[in-house]
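Structural data, given as structure tokens:
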């Protein structure tokens, strides 16, 4: 293979390229990187650089780029040859700023080593703190800090963390030694341990390491390289892979490694560590929100082991504002500076070492959907954002949270405990006490609430499977709280009123209520309430307040029309309430499974001749007509796309012998005759069989009945003053000729009906585009169609040669192996299927500029797909009623993102999609 | 719909367009049309015009164009408004030339009205002769001809033909009247009827018409319009539709109508009618070949009712050469003129009226494959054609005839009767006596020989279903002979030594042999022999003689490489004998169905873990290795593409409970376990399921075994001095990543094997392109592939959304309705699937100019598809061994047809494919 045209920064061919820059330094108010270099430096590294440039106090350090990670995995876990020199030079730079030396026995520089991918993957990857300590440097640290206890506490923490994270030792052995010592000394808290106790513990830790063959190296350089290797290694551990899969993060992005001077929140009672948000991430309220712990390291806050103290709010006595007003003021300044700089709510980590503030991290903060909406709206009102910017700040997928029901305010509730309102929304389910059970119960269709003392990254699958999460420990920034908010799962965290017994699988509350495994529990994540039993829920109000305001901007900005897929009056009404501008897909086959109708449907299928079929169809017509009248009335004034019968007829026949017998008796046929007919309809690959427009071409009478039902309904509705816009859609066409044959049946039927009734109604005829051939021949099809509905589900199945029913396991494997990043049935395969969609749109417009182009199916409600459809020049997307607000927002965001672009910009030869 | 841009000659919008030319005249040495206007005037009309221009004696007339036919069917069976005037003007022109007047009672002009489509559809459509006769004009004809008997014979023929063809009367009623009269008068022959008899017969015919309500109009103009309408009507009768379907003729081509001055071969004993060929259409010999009948009309020769006399060959006493030497010489001049003009063998019809020669038709003559080859080779040797022109003269599909076996010359044969050698080749089958039986028996898998007194267009389906055809009546140009030659079906026609009893379903011969229904019969169509019993057949020799010479030119000219699809040694050997240049597809799955192996295959599938699978695979390896060694030895020096296991694993499991029980016992499993495993492998749409490259990705050990088997076989063969070029092909890929994963398994396995054996062998890895996504991403796939094999079968299934297994009936319906002209699984859907193939080729070359591109599957042996592949820039096609010579010829023809073109000429925006 040739290497021509491969840029020098491309790491995949790194073995050949020797001049790449792999390391970016920052510190002392300057930095080689900046916030725009997120892909190369990871989010954390980019923001550390940016904070330096903004003039904030950041411990100096350097970032090893994500390209080294890519190189590492492409080259059998080795590093570029010149990495070592670049790291040494960067360390020397930090030494110069700090006036200390790494691995120096007199004045040692210590490092933290942290991961940092393009997007935050909280708690997913590994961190090593206090790196650089050994039997010599610990003494120097004791001396320089004048605090021997602190030095040895740092050393034992380092040994424990390094053994766990880098060497893969069993953490319990170290925890056990710690607990044994506390027990032996009669201590309650870790802070009760003296310097001598900690020295002893260090020796015990080293002995454990010897015993299990996992010895922490004394050489700080060896420690550093092992730490870097551990971070890269953590990119490919199962939980990180799972996280990426759940969040559609490509495996080849890789992580960067940030090596940064250690500052110590645990250096004494004049030191602290904290996490804060520039606004409340749960409600969106414009207050300085956060938590800190005196004399602690950062991990202590996040891990949720000690319950931290609040940042501001006077009068509680333990707030930072009250304890250290000048530091609080300094932090308020940082908050203002960063929020103004990034124009977004910031999530910050800081450490106070002997009264000096250091900023360790800032990033755009995760937030609940409710908070996102409130912040976006208020920031516009504050003049910080434009409407366009504001709507970009609410994750379209996140919006889902606001659309789901809340606990019925009128229902009687027995609140059995309260905790922190960590992630809003109502959840109702049966109690389970570990993540595995949550997954197992959910797999059986049970709704569950996961109840834990605290959660860890291993629990992520179980949290995903749960309706809601309850924890006994941890604050608003604990693992459970952060992850639940990210997932949109309601969560009450840190409830000190509950007591969990994992062995008995029970939760007892201070009020004396005991919840056993399987008992129903409800929770209100917005209020932090845990409630006994199964509380009814009600729909959220989405049309008023901040949400209503935001959505009014969304509707101003978006250019895509949003319709819904609905065939029942309930769904249609829900869609209209949620702002749908029509029905983009009414699947008529769903209407035939009703008990009243299936018998006639089967009679139609089993008929030996056209006369028999027509008789059965005549009985079905009144039902169909009523279906359509219901839809037309609800959708008064809006278009309704009705798709002709699509599935193979055998789908309507019974499967079991008993049902067949019953049917045979009802039809006056022998069982054998029914079986034979069912057999003759059987197909090897029904997905590619006798369905779609192939049905009306062979059985025109079905299409005639449906046309009559649609148009009679329309005429009757118009007589009642309803404005009806029926659009009849022909499925599975692959050529103009097929569409013409079916259109002719429809038009002929309509003409006869209009003549017999002496009344007319306007209607349109269009085609689904759901076969590759239809996309390829879209220019010809467009000559006979007034609209296209892209059926991207089937188009994906045929283009990829993958049946959704058969390839679930393979798709999992494919996503794990990076063949597809996202599930192509959930988010459109832009590069493959998308190429056909784009081509079809361009061809359709070339031959029929007025054609109305839309998408129905799963992809119509997926924000990433909607963004793509915007670039194709679609007129509308249609999705499930519940996704309509999500689609509205996603459409507006797509309109902003692609403002000023032309569809032609995306022609295959010009720009890759 | 707008009409902009629709040309004036487009008939589809005819209602709006008033200035079209619908009628083209010819006569007296000039014509408005010429031979190039076949699409507009039909083949017959175009050649009538051309013969005029060449200066041959042609009865004047005019052609109503095929566009009128299209208009007729698009406009509810009405004509363009201005057609009437154009026909009247054309009739006036003919009247002027002939000095007679249509519908004139004194000197009437009479017309023949005949169909004429773009391509000849012999006997498929209707003809009316003697049009213009009525009670008045018949008297004028009697007077002007001085032959009352002739005039009334013409009138009664006209009445009979018009009643049949135009009015749809039951022909038997008229035949009965004729037979009754002959019986009453004691006549044997029609020619025994006197003028008075015929006058009487005319009255009887008119009475029949009155009685059944089908009265022939007296007004000649009414006759003319009815005749034209009947020809257009005959375009859509069942037998014409069937014929078009069998011959891939689009229904929208339409037919032209030729209205031509009548000349009379039945005007007396100085008159005759004949059909002749400029060379022998059965053998290709350069002799003037033909038949004529004195005092007869043209239909008498074609219908095969009277056995005609030969054209040339002195000494027989009844040849035209002996009877009328000057006319014979005139015909020889015509023959030479036309063959030189058209540079091809001509099929001509002529009539002699009172000693004057008239040419009624000429066209390139149908011929047997053997004749086509001989003529092509001899015309090159005569200097008439170039090699390039010559190879275009042999129908690639027709070649099939020469490749099929002939009767073993060494076998003992009892020749029970002889007839005319009407269509060469050997046929062996069981006797049936009607077309319906032939189709029914063939549908059950029986080989049949159809035995009839004569055949008619209604018998075409039965002829198609038969191995061979035998008739008791009719010459070399009878219906049976012409159609059988066209189909490549062996035929012995006009055997006067056989006697058929339809009631008893027997054929008895003069030699006293009786063949009953179901008895075995053999025939040699090249020798005209009918032989008792089932004679063994032997392969034809295709490498010597004219055939060998032609194929050597073919190989000089073609640019496409021809490979074969083969996995058995027998097929591979056959392919090599037929000139294959490698194996383009060896389907390894076929190798596992052998009784010795299926047990291990099933053990592999049923294994619960990888170890169990590996154990079973280890047992399969020696078999696979031997398979590949066999192939490599036969293909010594030529490439062999081996496709990895492709089908879903459940295809290898038994279906019946009994077989499952047996398998369970053998495996030491319970029946339930086997059932459960089979069930878990069951797929809703196996075509889109867990197969292709999805197998090695989930079960790499299968791919490892196959790689080892291929490469061990290759190494062992090389040690024996065999040159091996193995190409390992990965099926069903849709992305580069999938190919990379499998390629990595192959390369890693190969490296291990080479290291362990201390020997290497060159191999290539490539990808099937059989999913739309693979075609769309061909540029990326090509970066990892050394070759592509287009699997156009599966690509057609996915692009069209049509499973071959499920849509046979729909495809028939689709072809009948014009959705697809040809079966898209037999001949590639150029406009749809072809667009993807072309795109993939262009993309592949853009990223990997050296990639080797080929096609396997049905389309690889289809001449029309091969022509298309030539334009895509393919490197090879691969087809079944038997099709290899056909593919070689088709490839050479494609090379000639597209000489000087570039692949880029076909870019979607430049030129439609």
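Residue numbers (my numbering), protein chains in the order written: chain H, -2 to 910; chain Y, -2 to 910. Backbone N, C-alpha and C define an ideal beta-carbon position, used for all residues, glycine too.
- Taking 8 Å as the CB-CB limit, is residue 664(H) close to chain Y? As a working mapping, residue 664(H) is identified with position 667 in the first chain. Cβ-Cβ to chain Y under 8 Å: no for residue 664(H).
- The beta strand (DSSP E) spanning residue 822(Y) covers which residue range? By 1-based counting over the second chain, the position of residue 822(Y) is 825. Taken as a continuous stretch (DSSP letters only), residue 822(Y) belongs to no beta strand (DSSP E), as it is neither H nor E.
- Item | Continuous alpha helix (DSSP H) stretch holding residue 866(H): start and end | Here residue 866(H) corresponds to residue number 869 of the first chain, with the count starting at 1. Residue 866(H) -> alpha helix (DSSP H) spans 860 to 869.
- Task: Output yes if chain Y places a C-beta closer than 8 Å to the C-beta of residue 565(H); else output no.
- Result: On the first chain, position 568 is the one that residue 565(H) refers to. No, residue 565(H) does not count as interfacial toward chain Y.
- Query: If you draw a straight line from the C-alpha of residue 584(H) to the C-alpha of residue 421(H), how long is it?
  - Reply: Here residue 584(H) refers to the residue found at position 587 when the first chain is read from its first residue. Here residue 421(H) refers to the residue found at position 424 when the first chain is read from its first residue. Taking the straight line joining both Cα atoms gives about 35 Å.
- Which of helix, strand or coil DSSP assigns to residue 504(H): Working through the first chain from its first residue, we reach residue 504(H) at position 507. Strand, per DSSP.
- Task: Can you tell me which of the three DSSP states residue 213(Y) falls into?
- Result: By one-based count along the second chain, residue 213(Y) stands at place 216. Coil.
- Option in 475(Y), 679(Y), 793(Y), 105(Y) with minimal Cα separation from residue 273(Y): Taking the first residue of the second chain as 1, we reach residue 273(Y) at position 276. Of 475(Y), 679(Y), 793(Y), 105(Y), the residue nearest in Cα terms is 475(Y).
- Just reading off the alpha helix (DSSP H) that residue 445(H) is part of, what are its end residues? Reading the first chain from its first residue, position 448 is the one you call residue 445(H). Segment 445 to 449 is the beta strand (DSSP E) holding residue 445(H); no alpha helix (DSSP H) there.
- Message: Please report the distance separating the alpha-carbon of residue 626(Y) from that of residue 643(Y).
- Response: Within the second chain, residue 626(Y) is the residue found at index 629, counting from 1. Within the second chain, residue 643(Y) is the residue found at index 646, counting from 1. Looking at the backbone, the Cα of residue 626(Y) and that of residue 643(Y) are separated by about 21 Å.
- Query: When DSSP builds the beta bridges, which residues end up paired with residue 636(H)?
  - Reply: Position 639 of the first chain, counted from the start, is the residue given in the question as residue 636(H). According to DSSP, which records beta bridges pairwise, residue 636(H) is partnered with 722(H).
- Message: Suppose only complete runs of 3+ residues qualify. What are the beta strand (DSSP E) ranges in the segment 260 to 332 of chain Y, listed by chain order?
- Response: Qualifying beta strand (DSSP E) stretches, in chain order: 269 to 274, 286 to 291.
- Task: May I have the straight-line CA-CA distance separating residue 755(Y) from residue 689(Y), to the nearest angstrom?
- Result: Your numbering for residue 755(Y) matches position 758 in the second chain. Your numbering for residue 689(Y) matches position 692 in the second chain. Roughly 31 Å between the two C-alpha positions.
- Any idea what DSSP makes of residue 8(Y), helix, strand or coil? Against the second chain, residue 8(Y) aligns to sequence position 11. Because residue 8(Y) sits at a pLDDT of 42, beneath the cut-off of 50, its placement in the model cannot be relied upon, and the point is left open.
- Of all the residues that make up the segment 722 to 744 of chain H, which are near chain Y by a beta-carbon distance shorter than 7 Å? 729, 731, 732, 734, 735, 738
- Item | Beta-carbon contacts of residue 349(Y) that lie in its chain and below 7 Å, excluding the five residues immediately before and after | Within the second chain, residue 349(Y) is the residue found at index 352, counting from 1. For residue 349(Y), where only same-chain residues beyond five positions count, the Cβ hits under 7 Å are 262, 268, 269, 324.
- Item | Closest Cα partner of residue 548(H) within the set 374(H), 499(H), 432(H) | Within the first chain, residue 548(H) is the residue found at index 551, counting from 1. Taking only the C-alpha atoms, the option nearest residue 548(H) is 374(H).
- Opening and closing residue of the alpha helix (DSSP H) in which residue 464(Y) lies: In the second chain, counting from the first residue as 1, residue 464(Y) sits at position 467. Here residue 464(Y) belongs to no alpha helix (DSSP H), and DSSP marks it neither H nor E.
- residue 21(H) - containing beta strand (DSSP E), residue span: Residue mapping note: residue 21(H) aligns to position 24 of the first chain, counting from 1. 20 to 24 is the extent of the beta strand (DSSP E) around residue 21(H).
- Cα-Cα, which of 728(Y), 610(Y), 440(Y), 734(Y) is closest to residue 696(Y)? On the second chain, residue 696(Y) is found 699 positions in, with the first residue counted as 1. If we check each option's Cα against that of residue 696(Y), 610(Y) comes out closest.
- Message: Please return the same chain residues whose Cβ sits closer than 7 Å to the Cβ of residue 674(Y), not counting the five positions on each side in sequence.
- Response: Taking the second chain and counting its residues from 1, one reaches residue 674(Y) at position 677. Taken in chain order, the residues that qualify are 603.
- Item | Backbone secondary structure at residue 66(H) - three-state DSSP | Counting from 1 along the first chain, the entry for residue 66(H) is found at position 69. In this structure, residue 66(H) counts as helix in the three-state DSSP scheme.
- Of the residues 841(Y), 361(Y), 240(Y), which one's Cα is nearest the Cα of residue 339(Y)? Within the second chain, residue 339(Y) is the residue found at index 342, counting from 1. Nearest option by C-alpha distance: 361(Y).
- Message: Please classify residue 85(H) as buried or exposed, where buried requires at least 16 neighbouring CB atoms within 10 angstroms.
- Response: Start at 1 with the first residue of the first chain, and residue 85(H) comes out as number 88. By the 10 Å Cβ count, residue 85(H) comes out exposed.
- Query: Between residue 833(H) and residue 847(H), what straight-line distance do the alpha-carbon atoms span, to the nearest angstrom?
  - Reply: On the first chain, residue 833(H) is found 836 positions in, with the first residue counted as 1. On the first chain, residue 847(H) is found 850 positions in, with the first residue counted as 1. Our two residues, residue 833(H) and residue 847(H), have alpha carbons roughly 20 Å apart in a direct line.
- Which residues mark the beginning and the end of the beta strand (DSSP E) in which residue 397(H) is found? On the first chain, residue 397(H) is found 400 positions in, with the first residue counted as 1. Note, residue 397(H): premise wrong, no beta strand (DSSP E); alpha helix (DSSP H) at 397 to 400.
- Message: Determine, for residue 687(H), whether the minimum Cβ-Cβ distance to residues of chain Y falls below 8 Å.
- Response: Position 690 of the first chain, counted from the start, is the residue given in the question as residue 687(H). For residue 687(H), the answer is yes, since a Cβ of chain Y falls inside 8 Å of its Cβ.
- What residues in its chain sit with their C-beta under 6 Å from that of residue 918(H), if we drop five residues either side in the sequence? Here chain H comprises residues numbered -2 to 910, so residue 918(H) is not present and cannot be evaluated.
- Query: Exposed or buried, residue 465(H), counting other C-beta atoms within 10 Å across all chains shown (16 or more means buried)?
  - Reply: In the first chain, residue 465(H) corresponds to position 468, counting from 1. By the neighbour-count rule (16 or more Cβ atoms within 10 Å), residue 465(H) is buried.
- Quick one: Cα of residue 219(Y) to Cα of residue 99(Y), how far? On the second chain, residue 219(Y) is found 222 positions in, with the first residue counted as 1. On the second chain, residue 99(Y) is found 102 positions in, with the first residue counted as 1. Rounded to whole angstroms, residue 219(Y) to residue 99(Y) spans 12 Å at the Cα level.
- Query: Which first and last residues belong to the beta strand (DSSP E) in which residue 353(Y) is found?
  - Reply: Walking along the second chain from the start, residue 353(Y) turns up at place 356. 353 to 361 is the span of the beta strand (DSSP E), which, as asked, contains residue 353(Y).
- Residue burial classification, residue 804(H) (beta-carbon count within 10 angstroms, cutoff 16): On the first chain, residue 804(H) is found 807 positions in, with the first residue counted as 1. The residue in question, residue 804(H), is buried, as its Cβ has 16 or more Cβ neighbours within 10 Å.
- Message: Please report whether the beta-carbon of residue 241(H) lies at a distance below 8 Å from any beta-carbon of chain Y.
- Response: As a first step, residue 241(H) must be located in the first chain, where it is residue number 244. So no, residue 241(H) is outside the interface.
- Are residue 637(Y) and residue 722(Y) closer than 8 Å when you measure CB to CB? Numbered from 1 along the second chain, position 640 holds the residue referred to as residue 637(Y). Numbered from 1 along the second chain, position 725 holds the residue referred to as residue 722(Y). Going by C-beta atoms, residue 637(Y) is nearer than 8 Å to residue 722(Y).
- Along the alpha helix (DSSP H) that carries residue 888(Y), what are the first and last residues, could you check? Counting from one through the second chain, the residue named residue 888(Y) turns up at place 891. Element bounds for residue 888(Y): 881 to 894.
- Message: Does the structure place the segment 495 to 506 of chain Y close enough to the segment 423 to 438 of chain Y that three or more beta carbon pairs sit under 8 Å?
- Response: yes
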